[in-house]
Each structure stands twice: as structure tokens, then as C-alpha cells.
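In C-alpha cells:
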């Protein structure tokens, strides 16, 4: 029985072995209508049709043209095969379906320091498409399921035969227990091998994405930098569980650790032409009209520590400081941790000296000063708000606050 | 022994099902929201509080045609630290009442609570002075969309009285359902007796 168990372990190890490397698909290729891949395309065609009606679809033509332009730079000959949709979702994410339907989420656009970092992520997603990762994963999953089933049958039959020839009931029970454990191991190995396959595809897409980035004339250093930014943001979370998530991985993780991805990308960057375009100004110009809405969406996730890291990154260039400091103040005001309200007041004050500060800066400044007992300062701030936004729907509320201050309430 | 277990199994299952959350009737007439808070319903509603995610003991949720077609949140006085929508996990917090909230923060509490219900593009519009019972508050309207893009409208009132915050919030699809029951909701808001 021990020998058979070892054989089963060998089978389990075989299940967890690396998949064959996928071949890059030809540009313009469509799957045969009778193939499994065509089935995936059909499902994703439906998902794409649904995406076009979703509430969070961003319909700004200039922003969509910008993102599509970057996608086409890294996709090169595959550009006509791809459609990209910008979704207003406050998470750092992008996706690629096997039919060429791709989504870029606003959280990614907000977090990319420049066009090169966006191009790297898009290059990663394009690589999933060009390498047929979805269909390869499906095929590998089928093969593994068949191997696991065969192994299970072999182990079960062998276990039953051994138990039948056992000398005592307790020996038979021990053999059946061992058989059950081995079958469990085979299934765990099957599941773990699925996730390992996924991690390997992600690692492959990382390296291919960086090569596409460099081939399109961008700086390949942008690739590891985008991951470093994500690590910094994770470390800035208000929640321990989120902070810890960046350093934990298991056999059931679908993506490699960010630190491993950085090491691989730093290594490959040495083999690519250093320098290249970063496109920081182009990127900021494209996202500038959406900064306020996206930062508000980010604040509504209520992980204010992470939002503050994002704002710090955006503020490094010294642009949009009215908007950025207003939302920095909002993050502190909404979090209300120890010392946060004074920090919020300082941020609003910094915002207020910049021409792009939203009028709400003065309303919030008035509220904070009022809480602090600075009634003259509150009055000045409320008056500034009413002067800057006389038509605001909440002007009567601020006027009410002002009146109560004047009445000494 | 096994026979006895088999015989008792259906009974145990029935008891378990009876203990599960259910929808109950909220008949026309006076409805107590809390110890010192009641409203008058002009028609029969269903109380779906116990089947909804994010519910708290202080919030009653009524509907006529089901939660996707109309829902009316009625909160008893929320105290500092309490929610309209309870968070599913520590890492996904929802807005809480604070002791020192400004008027605009109370409106933000409503907007962000609706966002926590996973509505998209939520906009609070037309804030205006109002009464809830004998106390003053702010009436507001809302526009939003479901994830799949269906337009939703809302209306309600928020009022802070005696250190407690009372919220009445009605949400329904803009097409047909919102207007179909708006007069009833307006009457409910007008009927509130507090204190």
C-alpha cells in the first residue's frame, strides 16, 4: 500500500507540474466556429454587449481614445483585434477576454503615474490575448481533471483490493483511511495546479508586457515601478488584513506576489533598452477631467490610508494641487482618526491657495473651524463658499450655518 | 434509534425553516419604527428587513413589489457609531453616524450609504428644509443607477433630534415604480410622529 501511495503522490506531483508554453496567436485570427475557443468567444461577446450598457461605463470620448491609443501602441499588429472599455471602478484593475474585449478600470488610470505604467499593464493584458491564455488554461484544466479522475479510480480500486485482503478489520479500516487521504491529496493537487498555472500565466504576461512596453518605445522601468506603487499603497491601508495581504501567498493564489513580480521585471529590464518615453504630461492631461469623481469614488471605499497614498503619488508632480489637497482633506475628515481633523484643516488651507480648489473646500474649512471654535474663521470660510458657489444647491444650508454663527449659536 | 432520528428529521427541518428570516406584513395604519417613533402607512407594505443584506436592528425596510422595484428604509434614531447599512466586513466599512456631523456630512451619510448598497453614480439633489415630526431636517432627492444601468430615483429626509439621527429613504426605478408610490411615501414622511 505504501508503494501505491507513493505512486499516487507521484501522480499528484505530475498534476502540479508546469504547463507547456502557449504559442502566440496570429493577428486577425478568429477561432473555428466548432472549437471550444469559439464557445469562449461567444460567451464573452455577450459579456461585452452587457458592458456597453453598464452604469459604470465611462463614455468620455477623449479618455477612451487616449486609452485605446496606448493599447494600440503596445498591441501593434493585434490592435484591430481588440476593443477597450473604460469603467469607472475605483480599483487597480484591467482585464482581457479571449475575444479581445478588454476593460480598464478608473482605479488603474488614477494610480498609473504616467502613460508608460498604463502601457505596461495594457501590454500585460494584450499578452493574455496573444498567448491564448484563457483557452490554454481551459485545456490544461481539462487534462488535469482527466488525470485526477484516472488517478482517483486507480487509487480507489487499489485501496479496496488491499482492504479486502487485509488480515483484520482495523487493518482494512487503516487502508481505507489512507486511500481516502490519498484521493483528497490528488484533488488538492489538481486545484493547486490550476492556481499554479494561473500564476505562471500571470508571470509570463508580466514579462511579455514589459517587452511590448519597451518595443513601443516606453521606458521598461515603468513595469516594476507600477508594482512598487501598489505595494506602497497596500502598506498604507487602514486595515491590518489588507496591509498583510501583500506579503502572503499560498498554493491557491491566482497571482504571484508583487515582490516576485518586481524582481522578475527588474531582471528583464537589464536586458532591454533603458530609458524611453514616460508620457507623464499626456497621462495627467487625459485623466485630469475625471480626477475629482475618481477620487470621490476611491474615498467611498473608505480605506482612507490607501487613498492618501494615491493622492501623495499624484501630488508629486506639483500639478492639480487644489483638487488633490481638497481630497486629501476629505480623506482625513472622513477618517476622523487621532489628529486627522487638524490634518484635514491643513490640507483644505493648502488647497485654498490654488486656483483649481473646488468651492466645497471653503464649506469644509468653515465646518472644521466651527468645530474648533474659530467662529470668525468659520464665518469667513462660509462667506467665501457662498461667494464662489452662489448657485450651489446646498447654499441655503451654508447660509443657515452662517446665520447661526452670526446669532452666536 | 435511527428510526426515531428519521422520524424527527422533518420536524427538525420545519423548526429550522420557521426560525429562518421571513417577510412579514406591514399593514396599512400606524407602524411603530422605534419606541418613540411611528409613521402611518396608507396601504399594505411588506416588511423585508430580515431578508436584506446589511440590515441592522434599528432599520426597517419595507417594499410593495420587491426590493428591486421599491424599497423604503425607516431608521429609528441612529446614535454615534451606528449605520444605515451594516458593513459586511471590517475591511469594507459603511458610513457611520458621528457625534459632531455637519449638515453636509449628514447628506454625505445618505449618499454614501446608498453607494454602499452598490448603486452607481449616486447623486443627492435638491436638499431643502423640512420637518420630520416636530423637528427640523433636510429633504432630498436622489438619482442613481443599478449596476446594469437601470435608472433609479430616490427621495427622503434626514433629521437629527436629541443626538439621534432619523433617516427615511425611498428608492425605486425611475421608470413607473418611483412615481407610482411617491404620493404614498410623501404621506408617510408627513405622518411621522417622533418623541
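Protein chains in written order, with the working numbering: chain L, 51 to 459; chain G, 1129 to 1323. No residue lacks a Cβ here, since even glycine has one placed at the ideal position from N, Cα and C.
**Asked** Alpha carbon to alpha carbon, what distance is there between residue 268 of chain L and residue 479 of chain L?
**Response** Shown here, chain L extends from 51 to 459; a query on residue 479 of chain L therefore has no answer.
**Prompt:** Does any residue of chain G bring its CB to less than 8 Å from the CB of residue 417 of chain L?
**Reply:** Translated into positions along the first chain, residue 417 of chain L becomes position 367. At least one chain G Cβ lies under 8 Å of residue 417 of chain L.
**Asked** Taking the alpha-carbon positions, what's the residue 1209 of chain G to residue 1226 of chain G distance?
**Response** For the purposes of this step, residue 1209 of chain G is taken as residue 81 along the second chain, with counting starting at 1. For the purposes of this step, residue 1226 of chain G is taken as residue 98 along the second chain, with counting starting at 1. When rounded, the distance between both Cα atoms is 6 Å.
**Prompt:** Got a sec, what are the start and stop residues for the beta strand (DSSP E) residue 1166 of chain G sits in?
**Reply:** Counting from one through the second chain, the residue named residue 1166 of chain G turns up at place 38. Annotation: the continuous beta strand (DSSP E) that includes residue 1166 of chain G extends over 1165–1169.
**Request:** Identify the continuous beta strand (DSSP E) that holds residue 1268 of chain G and give its terminal residues.
**Result:** For the purposes of this step, residue 1268 of chain G is identified with residue 140 of the second chain, where counting begins at 1. In the DSSP assignment, residue 1268 of chain G falls within the unbroken beta strand (DSSP E) covering 1263–1273.
**Request:** Residues of the region 1258–1273 of chain G with a CB closer than 9 Å to any CB of chain L: list them in chain order, please.
**Result:** For the region 1258–1273 of chain G, the residues whose beta carbon sits under 9 Å from a beta carbon of chain L are, in order, 1266, 1272, 1273.
**Request:** Could you tell me whether the Cβ of residue 1219 of chain G comes closer than 8 Å to any Cβ of chain L?
**Result:** For the purposes of this step, residue 1219 of chain G is identified with residue 91 of the second chain, where counting begins at 1. Contacts with chain L at 8 Å (Cβ-Cβ) include residue 1219 of chain G.
**Prompt:** Of all Cβ atoms in chain L, is any one closer than 8 Å to the Cβ of residue 1231 of chain G?
**Reply:** Your numbering for residue 1231 of chain G matches position 103 in the second chain. Proximity of residue 1231 of chain G to chain L, defined by a Cβ-Cβ separation below 8 Å, is satisfied.
**Item:** Alpha-carbon to alpha-carbon, residue 1306 of chain G and residue 1176 of chain G
**Value:** Here residue 1176 of chain G corresponds to residue number 48 of the second chain, with the count starting at 1. Here residue 1306 of chain G corresponds to residue number 178 of the second chain, with the count starting at 1. So the alpha carbons of these two residues sit roughly 18 Å apart.
**Request:** List the DSSP bridge partners of residue 1293 of chain G.
**Result:** Within the second chain, numbered from 1, the residue matching residue 1293 of chain G stands at position 165. Paired residue(s): G:1206, G:1288.
**Asked** DSSP state of residue 204 of chain L, grouped into three classes?
**Response** To locate residue 204 of chain L, count along the first chain from 1; it is residue 154. It is helical.
**Message:** Cβ closer than 8 Å: which chain L residues qualify as neighbours of residue 1171 of chain G?
**Reply:** Taking the second chain and counting its residues from 1, the one referred to as residue 1171 of chain G is at position 43. Ordered by position in chain L, no residue passes the 8 Å Cβ test against residue 1171 of chain G, which lies about 31 Å from the chain.
**Request:** Run the CB neighbour count on residue 1234 of chain G, radius 10 Å, all protein chains shown included, and call it buried at 16 or more, exposed below.
**Result:** One-based indexing of the second chain puts residue 1234 of chain G at position 106. With 16 or more Cβ atoms within 10 Å of its Cβ, residue 1234 of chain G is classed as buried.
**Request:** Quick one: which unbroken alpha helix (DSSP H) runs of 4-plus residues sit fully inside the region 1195–1259 of chain G? Chain order, please.
**Result:** For the region 1195–1259 of chain G, the continuous alpha helix (DSSP H) assignments of 4+ residues that do not extend past its boundaries occur at 1231–1244, in sequence order.
**Request:** Please classify residue 53 of chain L: does DSSP put it in a helix, a strand, or coil?
**Result:** Counted from its first residue, the first chain places residue 53 of chain L at position 3. The predicted model places residue 53 of chain L with a pLDDT of 48, which falls under 50 and marks its position as unreliable, so this point remains unresolved.
**Request:** Decide if the region 442–451 of chain L is in contact with the region 1245–1264 of chain G; the criterion is three or more beta carbon pairs, one per stretch, under 8 Å apart.
**Result:** Output reads yes: the region 1245–1264 of chain G touches the region 442–451 of chain L.
**Asked** Does the beta-carbon distance from residue 406 of chain L to residue 360 of chain L come in below 8 Å?
**Response** Within the first chain, numbered from 1, the residue matching residue 406 of chain L stands at position 356. Within the first chain, numbered from 1, the residue matching residue 360 of chain L stands at position 310. Judged by beta-carbon spacing, residue 360 of chain L lies beyond the 8 Å limit of residue 406 of chain L, meaning their Cβ atoms are not closer than that value.
**Asked** Since residue 1162 of chain G sits in a beta bridge, which residues does DSSP pair it with?
**Response** Position 34 of the second chain, counted from the start, is the residue given in the question as residue 1162 of chain G. Bridge partners of residue 1162 of chain G: G:1165.
**Message:** For chain G, check one thing: does any of its Cβ atoms lie closer than 8 Å to the Cβ of residue 292 of chain L?
**Reply:** Reading the first chain from its first residue, position 242 is the one you call residue 292 of chain L. Under the 8 Å criterion on CB atoms, residue 292 of chain L is classed as interfacial with respect to chain G.
**Request:** Tell me, please, whether the region 81–97 of chain L touches the region 143–163 of chain L by the rule of three or more beta-carbon pairs shorter than 8 Å.
**Result:** Yes, the region 81–97 of chain L touches the region 143–163 of chain L.
**Message:** Using a 10 Å radius around the Cβ and a threshold of 16 neighbouring Cβ atoms, would you call residue 276 of chain L buried or exposed?
**Reply:** Here residue 276 of chain L refers to the residue found at position 226 when the first chain is read from its first residue. By the neighbour-count rule (16 or more Cβ atoms within 10 Å), residue 276 of chain L is buried.
**Asked** Do residue 1322 of chain G and residue 1261 of chain G have their CB atoms nearer than 8 Å?
**Response** Sequence index remark: in the second chain, residue 1322 of chain G carries index 194 (1-based). Sequence index remark: in the second chain, residue 1261 of chain G carries index 133 (1-based). Remark: C-beta atoms of residue 1322 of chain G and residue 1261 of chain G approach each other more closely than 8 Å.
**Asked** Under a CB-based cut-off of 8 Å, is residue 1277 of chain G close to chain L?
**Response** Here residue 1277 of chain G corresponds to residue number 149 of the second chain, with the count starting at 1. Interface residue, yes.
**Message:** Can you check which of these residues, G:1229, G:1151, G:1311, G:1152, is closest to residue 1283 of chain G by C-alpha distance?
**Reply:** In the second chain, the residue the question calls residue 1283 of chain G occupies position 155. Of the listed residues, the one whose Cα sits closest to residue 1283 of chain G is G:1311.
**Asked** With a Cβ-Cβ cutoff of 8 Å, do residue 1268 of chain G and residue 1313 of chain G count as a contact?
**Response** Taking the second chain and counting its residues from 1, the one referred to as residue 1268 of chain G is at position 140. Taking the second chain and counting its residues from 1, the one referred to as residue 1313 of chain G is at position 185. Not a contact, by the Cβ cut-off of 8 Å.
**Request:** Since I believe residue 194 of chain L is in contact with residue 240 of chain L (beta carbons under 8 Å), could you give me their beta-carbon distance rounded to a whole number of angstroms?
**Result:** To locate residue 240 of chain L, count along the first chain from 1; it is residue 190. To locate residue 194 of chain L, count along the first chain from 1; it is residue 144. Rounded, the Cβ-Cβ distance is 5 Å, consistent with contact.
**Prompt:** Residues in its own chain within less than 6 Å of residue 164 of chain L by CB, not counting five upstream and five downstream?
**Reply:** If you number the first chain from 1, residue 164 of chain L lands on position 114. These residues qualify, in order along the chain: 328, 329, 330, 333.
**Message:** One question on the structure: do residue 1166 of chain G and residue 1158 of chain G come within less than 8 Å of each other, judged by their Cβ atoms?
**Reply:** For the purposes of this step, residue 1166 of chain G is identified with residue 38 of the second chain, where counting begins at 1. For the purposes of this step, residue 1158 of chain G is identified with residue 30 of the second chain, where counting begins at 1. Result yes, Cβ atoms of residue 1166 of chain G and residue 1158 of chain G sit closer than 8 Å.
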